[in-house]
Each structure stands twice: as C-alpha cells, then as structure tokens.
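What follows is one structure encoded as structure tokens, with my remarks underneath.
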C-alpha cells in the first residue's frame, strides 16, 4: 500500500487521484490518499484510519485518511489558508513510510508560491522531504521515464545561482547517490552514468568555457576512481539522442532545465519525479498544479499513474536488496 498526498486542493491533484484510482482499482498498485474526503466526488470514498483498512477497501472505494482543509477548495483558485493542510499531508505520509506502514510516498503537485506565502521555508517538496527524513542536504532529484533518467546537480535556483553552486564535490555527491539508487531501487547491478558538460560543445576544449576542465572532469575522475562506470563530459545537445541514451542508465546534468527539457520532451505524460538519497521511496508526477485547467476534467493522469507504479516497483526492489 502506498501513501498519496493531497497536493494543492485547488489544483489538478484531486481529479488525477480519482482517475488514478479508477485505473488502478483492479490490479493496483493500491494507495490511500491523505486529504479531505470532500475533494473526491464521483467515486465511492471510504474514510480509513490506516493502511490495512485502505488495502481492504481499495478495490471498491477510494481510501482517504482524513486531512481537513481550513476552507472549501475551489478548482483553479488556490487559498493560502489551506497551505497547512497541504504540508500536514506530506508530513503524515512521510511518517507512515518511515514507520514501515506504507511502502512508499507519492506526492501530488504543490504550489511553491502558495506555500511560501504561508511561511513554508523550503524551495520545494524535495528539500522538505529530506528534512522530514532527517537527511537534509542528502537529497537528489531524478526525473525518470522508460526512455531516460536524468539527475540535475543544481535544482530550484536561478540559472545564475546554479552556475555559482556548481562544484566538483556536488557532482560527486550526486553521482554517488544516483549510482547507489540505480542499484538498490532500480535493480541495475552495474549502473552507467553519463555526465553532461555545462557549455556549448562541452566547452570545446576550453574555447567556449572552462568549467568542463576545472569542475566536471575532476569530479568524473573521482567517481571513476571509486570504481563507477562514468563517462563525459558530453556535449548536452547530442547526449540525449536515442543512440546516445542507449549507452547509459542515467545522465547527470548541470542545471534544472538541462535535465528536464529532454525528459519532458521525450515523455511528458510518462515522466516521474523521484527523490533519491532518502530512507524512503518517494515519487511524484513530473508536472505542476495546473491551476488553469483544474476542475475541467481534462487533466491527464498518466504521470501520476506512472509515479504510483514506479513507487511500487522501487519499493519492491528496495525490499529485495
């Protein structure tokens, strides 16, 4: 049984949750949502107290572990008054996973702006999850689909700040965490990592930038010295073609969009956000709250369904490791 968080109740999370339950109620994976029971009309809802009750009713009703809202949610109109419930849903799901009562946590999209207005001190889900798990600073974000896995070394900062934060030590940390996760959570015995350059043509031997020689290549040398199969730095504009992707299991990218643009171009619907470096399994859809279409019944549940399935598979691999 998986724990699915509420996400922003004014976004597409509620309708995606309903669609995912309809798609998975026969065959699973089973999940219970931590949210307000009133958010899920159109399907039978069963209020539950724990994962065991959720597993017993999942085939007939959507199991909901209640997390009450401060005010009624209106699709497309987020309310900062509901931010504490959004945060509580995440915290309670992590608590269940740490206690071994659920196999993994899957998170519906949140609005970083709304939570920030409520005093939320974290850049996003990833950093908050690491704090809840007692491993702040050890988190690594991966985006995964059947055709590609990418890991941005710098994440939710401006491009200027990303360049300032990029260091050999940070590349090494992300490489170690990624390789360990590929073995433990994805069942890849000998993971292969490809490392992207930062500049056009991977710096063209220093003509277009020196970061490849000064920062990236030394990090690759460290990882190789630890016995890892690591190649690069590769020109970012050619390393995501089908022939190139066949040569590695995950790509380490230097900044957020360098990683997410190819992943979302290849498979936006099937992309999954995965947090590595945690003592629990956590996945999420690769899209946001989509306030502009919330409540219209047009949101695509494919990414949430993929996130639920990947969470189940990762939890199974981790328990078997």
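In our numbering, the protein residues as written are 6 to 326.
Quick reminder that beta carbons are idealized off the backbone N, C-alpha and C, glycines included.
Model, not experiment: these values are computed from the prediction.
Distance between residue j and residue i (C-alpha atoms, nearest Å)
i, j, result
"residue 99", "residue 281", "14 Å"
"residue 187", "residue 28", "28 Å"
"residue 88", "residue 218", "45 Å"
"residue 221", "residue 43", "50 Å"
"residue 279", "residue 109", "11 Å"
"residue 303", "residue 180", "38 Å"
"residue 117", "residue 130", "8 Å"
"residue 71", "residue 18", "15 Å"
"residue 123", "residue 223", "42 Å"
"residue 55", "residue 85", "28 Å"
"residue 171", "residue 259", "7 Å"
"residue 320", "residue 147", "16 Å"
"residue 156", "residue 30", "32 Å"
"residue 106", "residue 20", "25 Å"
"residue 143", "residue 174", "13 Å"
"residue 169", "residue 153", "27 Å"
"residue 252", "residue 199", "8 Å"
"residue 236", "residue 266", "21 Å"
"residue 246", "residue 206", "15 Å"
"residue 225", "residue 161", "23 Å"
"residue 323", "residue 227", "27 Å"
"residue 239", "residue 249", "10 Å"
"residue 301", "residue 76", "21 Å"
"residue 111", "residue 211", "42 Å"
"residue 101", "residue 243", "42 Å"
"residue 325", "residue 185", "15 Å"
"residue 125", "residue 216", "34 Å"
"residue 191", "residue 273", "20 Å"
"residue 189", "residue 45", "35 Å"
"residue 32", "residue 290", "20 Å"
"residue 318", "residue 25", "17 Å"
Cut-off 7 Å between Cβ atoms - residues of its own chain near residue i, not counting five sequence neighbours on either side
i, result
"residue 330", "Outside the displayed range of the chain (6 to 326) lies residue 330, so it cannot be described from this structure."
"residue 314", "34"
"residue 50", "42, 66, 67, 69"
"residue 296", "15, 16, 81, 83"
"residue 133", "95, 127"
"residue 145", "156, 179, 182, 183, 281, 282"
"residue 164", "260"
"residue 214", "203, 204, 208"
"residue 119", "13, 83, 85, 88"
"residue 298", "17, 304"
"residue 229", "235"
"residue 269", "276, 291"
Rounded distance between the beta-carbons of residue j and residue i, thought under 8 Å
i, j, result
"residue 312", "residue 277", "5 Å"
"residue 167", "residue 159", "4 Å"
"residue 234", "residue 194", "Between residue 194 and residue 234 the Cβ distance is about 11 Å, and since that is not below 8 Å, they are no contact."
"residue 39", "residue 8", "6 Å"
"residue 288", "residue 256", "At roughly 19 Å, the Cβ-Cβ gap does not stay under 8 Å, so residue 288 and residue 256 are not in contact."
"residue 23", "residue 48", "5 Å"
"residue 74", "residue 90", "5 Å"
"residue 292", "residue 114", "6 Å"
Closer than 8 Å to chain D by CB, residue i
i, result
"residue 160", "Although the question refers to chain D, the structure presented lacks it and comprises just one protein chain."
Nonlocal neighbours in the same chain, by C-beta distance under 6 Å from residue i, ignoring five residues either side
i, result
"residue 35", "6, 60, 63"
"residue 254", "187, 193, 196, 197"
"residue 271", "152, 153"
"residue 176", "158, 224"
Nonlocal neighbours in the same chain, by C-beta distance under 8 Å from residue i, ignoring five residues either side
i, result
"residue 275", "150, 151, 307, 308, 311"
"residue 138", "99, 103, 283, 284, 285"
"residue 141", "132, 135"
"residue 294", "12, 13, 15, 16, 17, 18, 83, 114, 115, 116"
Bridge-paired residues (DSSP) for residue i
i, result
"residue 150", "153"
"residue 258", "157"
"residue 36", "7"
"residue 204", "Bridge partners of residue 204: none, in fact."
"residue 111", "9, 288"
"residue 14", "Per DSSP, none; premise fails for residue 14."
"residue 277", "149, 290"
"residue 239", "201"
"residue 68", "51"
Task: Cβ contact (3+ pairs, closer than 8 Å) linking the region 10–27 and the region 90–110 - done: When C-beta atoms of the region 10–27 are compared with those of the region 90–110, three or more pairs fall below 8 Å, so the two segments count as touching.
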